[in-house]
Amino acid sequence: MVRKKILPLTRLHEPLQVEVEVNNGVVTDAWVSGTLFRGFELMLENRDPRDTCIYAQRICGICSTAHAMAGALALEKAYNLEPTPNGVLIRNLIVASDFIQNNLRHFYILSLPDYARGPDTPPFRPLLKGDYKIPESKEKKLYENYWEAAILSAKAHQLLALWGAKAPHQQTIIPGGVTEKPNANKINMSLAILKKVDKFVTEKYLPDVYTVAEYYPEYYQIGKSYGNLLSFGIFPNEKNKFEDFQAGVITNFSTQPVKFDPQLISEEVTSSWYEEVEGVTDPWQEKTEPAFDKKPEAYSWVKTPRYDTKPFESGPLARMWINGKYRRGISTMDRHIARVLELKEIINLMYTWLEKLNLNQPTLNKYEPQPQAQGAGLIDTMRGALGHWVKIEKGRTSHYQVITPSAWNFAPRGKDKLRGPVEEALIGTPVDNLDSLIEVGRVIRAFDPCFSCAVHAVQGGKSLRKFKI
Amino acid sequence: MLSRREFLKLCMQTTAGITLAGLLRPNILSALAQGEITRPPVIWLELGSCTGESISLDNTQDPDLKQLLLEMVEMRYHWLFNATFGEPALDIIEKTAREDEGKFILVVEGSVVTREEGRYNIIGARNNRLITGIETLKELAPKAKYVVAVGACAAFGGPGAAYPNPSHAVGVQDVVKRKVINVPGCPSHTEWIIGTLAHLVMYGEPELNNYNCPTLFFGKTIHELCHRRVHFENGNFASYPGEEGCFYKIGCKGPVTYADCPTRQWNNHVNWPIEAGIPCIGCASPHFPDGMMPYFEHLPDIYLPGGKKRVEKIGATLGGLSALGITTHALGSVISGRMGKNLIKGTQLKEPSPGEKVKPQEIIINKLDKINQETKEEFDQEVILNKLEEIITEQK
Chain G
45 MVRKKILPLT RLHEPLQVEV EVNNGVVTDA WVSGTLFRGF ELMLENRDPR
95 DTCIYAQRIC GICSTAHAMA GALALEKAYN LEPTPNGVLI RNLIVASDFI
145 QNNLRHFYIL SLPDYARGPD TPPFRPLLKG DYKIPESKEK KLYENYWEAA
195 ILSAKAHQLL ALWGAKAPHQ QTIIPGGVTE KPNANKINMS LAILKKVDKF
245 VTEKYLPDVY TVAEYYPEYY QIGKSYGNLL SFGIFPNEKN KFEDFQAGVI
295 TNFSTQPVKF DPQLISEEVT SSWYEEVEGV TDPWQEKTEP AFDKKPEAYS
345 WVKTPRYDTK PFESGPLARM WINGKYRRGI STMDRHIARV LELKEIINLM
395 YTWLEKLNLN QPTLNKYEPQ PQAQGAGLID TMRGALGHWV KIEKGRTSHY
445 QVITPSAWNF APRGKDKLRG PVEEALIGTP VDNLDSLIEV GRVIRAFDPC
495 FSCAVHAVQG GKSLRKFKI
Chain H
52 MLSRREFLKL CMQTTAGITL AGLLRPNILS ALAQGEITRP PVIWLELGSC
102 TGESISLDNT QDPDLKQLLL EMVEMRYHWL FNATFGEPAL DIIEKTARED
152 EGKFILVVEG SVVTREEGRY NIIGARNNRL ITGIETLKEL APKAKYVVAV
202 GACAAFGGPG AAYPNPSHAV GVQDVVKRKV INVPGCPSHT EWIIGTLAHL
252 VMYGEPELNN YNCPTLFFGK TIHELCHRRV HFENGNFASY PGEEGCFYKI
302 GCKGPVTYAD CPTRQWNNHV NWPIEAGIPC IGCASPHFPD GMMPYFEHLP
352 DIYLPGGKKR VEKIGATLGG LSALGITTHA LGSVISGRMG KNLIKGTQLK
402 EPSPGEKVKP QEIIINKLDK INQETKEEFD QEVILNKLEE IITEQK
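Those protein sequence lines, which keep their order, are chains G and H.
Be aware that the first sequence starts at 45, since it is given in this note's numbering, and climbs by one per residue.
Be aware that the second sequence starts at 52, since it is given in this note's numbering, and climbs by one per residue.
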């Protein structure tokens, strides 16, 4: 038995540490940790609530629009406010543009070097030792597409900025809708970019994913995890109801999604460096205080979210499965395939949203902030289910909790000793070379980890003397 | 190769559809080809960050990412790009620091987490020894040719250091004992990053303001360049985001923020916040985010002899001196602001600012209140100016 630790695991939104136990060339146990702590939930307390959906974006620069959405939804719930139809459509366009940007970068820049070798220069060299099975001629083609994907992901952010002012950290999503207004020029420019992206996704991205799958078919068997899938739903229609991607819950590889109930969400800190408050696991109540010296079993800044007490995976595969759009299987390769297939669906929806925009209708419903209110914004994003819980007292935020998709996926063990979904997915992964562990990287990256997001809060001035990872 | 003057002209020039970096690239390439400059090794260190600066770098269109990585710089270490991981990745950093000492550019993204000697930010593990971000930064900084802090967090602590600053985050310049070139913004604009790198490669250090930000991007306030400025002058104010008119009354921080967003615009010059109907939140300001919040709250009213004056009145009265009235973090902004520039006759860019150490808003209000009580004078421009000059001199 050998135990190996990797940090930094590059090509993901950092920093993530993984430790694996390997027996006879197979991973038999795994621990995934977040090793950066910034403390956003605390910083979001005691602010003017109107600032939160703009400020909360700073949790994450790769999926900033997601936090703006969840933050705006939470305030809309709190203030009992509806966005205008135009507002909903433009928000969808903003978030969908971020999907394009994220997914292209995820597959080409972050994941591809696990399977195919890039040009002979930094940062592609030094190379990681591994079984590179794709023939050289095809590798060349893949890297031509790598560079094109890089350009198009920048274009996707340009499309985002048309509606969101800038990217990353757009600025137009506020409770009630968006501040930007549609016009013919914006719609036309959006269409032009969208068509380019559409062509690339159909003709390059999709076939490239299948090329990788063709040479690495074993990854249809690797990375299965629990088969528990969760989605809060995403991309509401102009009436602000989820339609194409609905919320739902799947347990144990079932094909019968059941209704999602927000009351069943809990979060524990058994294996996280936070103090435990007996019996409090509700995002409305939970507090976060560090407790390193008291908790030898803790190994991550990430908390352990649970739905109905069970660990759940979320992300594109979960959404596609729950909505009956993809059910080939649950594995590393299926996660990549579901991600690109979902993007194609989203691009098709983007055309319809652009069509539905009404140039003569408002994009914003005005509101008056109330001194006393509370609301939860639950919506999916690129990486899966995201929730913001906000309480407002005396006109200031008095409580702010965030549960991110990467917290669902990269949760450490809970009280029941059950591994988090990614830890579980790593079990059974065959590894060739203990110095490289390229296979471990492949399994983890298919989840599109984002650790800027995963870790947020701590408070108090306790000593970290016995800090150990 | 372009002369430095021509280069600066290029940087200031922003025509829709032509990116700054696109204009620069041919010149960099020809300079490279003629052996005038070499492709510099770059170590991009991400500390307490949201990865937004890396994404902003990725958003480069001219040069595109391929040209940037294969032709302009040698990106030795950037953990979003490196093929390898674990210890071999850490080896790259060590090797570059050893073999290219004094040659590589160190770019830092994210705030420096200092709590518990930086153990809230572990960025590597070697033989089970954990390596902190601050430790790596302190080791690399003295060996680098230039240290560039990109984004609000690396430059000034930024959102990572917002109250109550749970990770005890600070800016890079607070922990390294050498000059740091700050390229702020949340995120920093693609062209601010690449334009600064290009200047370093081709001409060395660019001209910097008192916060060590390149003046070619951070030399004027948003308010000064804003296309809604005319609404301010005319007293035409929006009362809600999304409306026409100047956003001053709903919290725009453009008057106290130095950046060229209005002319450069974002993401290939297609848009920027005020054009999109939302006030500037001052993300390029050293006081971002705490000093810029609440985002939608009118910068404080100024108490002037004769009673509280709304800023629009001050605007009308003082005209070009309006920026003074609307400072929130006041002294720092007064000194580095347009008002300060008028007051201390253009010397402001070289003066260190004491602004962060005081609660300037109170000082100004208190002092002005005091004048008000003492003199019972009517609102007088001269009195204010004199008093401010006094305050500034005191602070220096």
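In this text, a Cβ means the ideal position worked out from N, Cα and C, and glycines have one as well.
Against chain H, a Cβ distance below 8 Å from S108 (chain G) picks out C101 and G103. The beta-carbon of W207 (chain G) is placed less than 9 Å from the nearest beta-carbon of chain H.
The way I'd put it, the stretch 160 to 175 of chain G does touch the stretch 123 to 130 of chain H; three or more beta-carbon pairs between them come closer than 8 Å. By the 16-neighbour rule on beta-carbons within 10 angstroms, G209 (chain H) is buried. Interface residue (Cβ-Cβ distance to chain G less than 9 Å): Y299 (chain H) is not classified as such. With a cutoff of 9 Å on beta-carbon distance, Y346 (chain H) and D92 (chain G) are scored as near each other. When DSSP states are grouped into helix, strand and coil, P292 (chain H) belongs to the coil group. Within its own chain, the residues whose Cβ lies closer than 8 Å to the Cβ of R90 (chain H), once the five positions on either side in sequence are excluded, are L83, E122, M123, V124 and E125, listed in chain order. The residue among G:Y190, G:G131, G:H57 and G:E120 with its C-alpha nearest the C-alpha of I153 (chain G) is G:Y190. Inclusion of I329 (chain H) and I218 (chain G) in the CB contact set at 9 Å is warranted, their separation being smaller than that value. The C-alpha of S310 (chain G) lies about 44 Å from the C-alpha of I245 (chain H).
A residue is called buried when at least 16 other Cβ atoms come within 10 angstroms of its Cβ; E467 (chain G) meets this threshold and is buried.
In chain order, P170 and L172 make up the part of chain G whose C-beta sits under 8 Å from the C-beta of P139 (chain H). The C-beta of E125 (chain H) comes closer than 9 Å to at least one C-beta of chain G. Taking a contact as a CB-CB distance under 8 Å, the pair T128 (chain G) and N404 (chain G) does not count as one, their CB atoms being some 12 Å apart. For R47 (chain G), the three-state secondary structure derived from DSSP is strand.
Residues are counted here when their Cβ sits less than 7 Å from a Cβ of chain H; for the stretch 71 to 101 of chain G these are T79, L80, F81, R82, G83, L86, M87, R91, D92, R94, D95, I98 and Y99, given in chain order.
Nearest Cα to F81 (chain G) within the set H:G236, H:L119, H:V164 and H:Y291: H:V164. Of the other Cβ atoms in all chains shown, fewer than 16 fall within 10 Å of the Cβ of R47 (chain G); this residue is therefore exposed. Among the CB atoms of chain H, none fall inside 9 Å of the CB of S315 (chain G). A228 (chain G) is classed as exposed because its beta carbon has fewer than 16 other beta carbons within 10 Å across all chains shown. The beta carbon of K410 (chain G) sits closer than 9 Å to some beta carbon of chain H. Taking the Cβ atoms as the reference, L125 (chain G) lies roughly 5 Å from Y411 (chain G), within the contact range of under 8 Å.
A distance below 9 Å separates the beta carbons of L51 (chain G) and L181 (chain H). Between M45 (chain G) and the set G:E85, G:H443, G:P493 and G:L478, the nearest pair of CA atoms involves G:L478. Listed along chain H is no residue with a C-beta nearer than 7 Å to that of L387 (chain G); the closest approach is about 18 Å. When the Cα atoms are used, E247 (chain G) and E320 (chain G) turn out to be separated by approximately 51 Å. The alpha helix (DSSP H) runs of length 4 or more contained entirely in the stretch 178 to 236 of chain H are, from start to end of the chain, 184 to 191 and 202 to 207. Remark: three or more beta-carbon pairs, one from each stretch, lie closer than 8 Å, so the stretch 233 to 250 of chain G and the stretch 187 to 201 of chain G are flagged as touching.
Among the CB atoms of chain H, one or more fall inside 9 Å of the CB of M233 (chain G). Distance from the Cα of L430 (chain G) is smallest, within the candidate group G:W452, G:G485 and G:P157, for G:W452.
Bridge pairing for C297 (chain H): H:F288 [DSSP]. Three or more Cβ pairs closer than 8 Å define a contact, and the stretch 304 to 320 of chain H meets that threshold against the stretch 330 to 337 of chain H. Within chain H, the residues I106, D109 and L131 have their CB atoms less than 9 Å from the CB of R149 (chain G), given in chain order.
The Cβ neighbour count for H274 (chain H), taken over all protein chains shown within 10 Å, is at least 16; the residue is labelled buried.
Using a Cβ-Cβ cut-off of 8 Å, P219 (chain G) is close to nothing in chain H; its nearest Cβ partner there is about 11 Å away.
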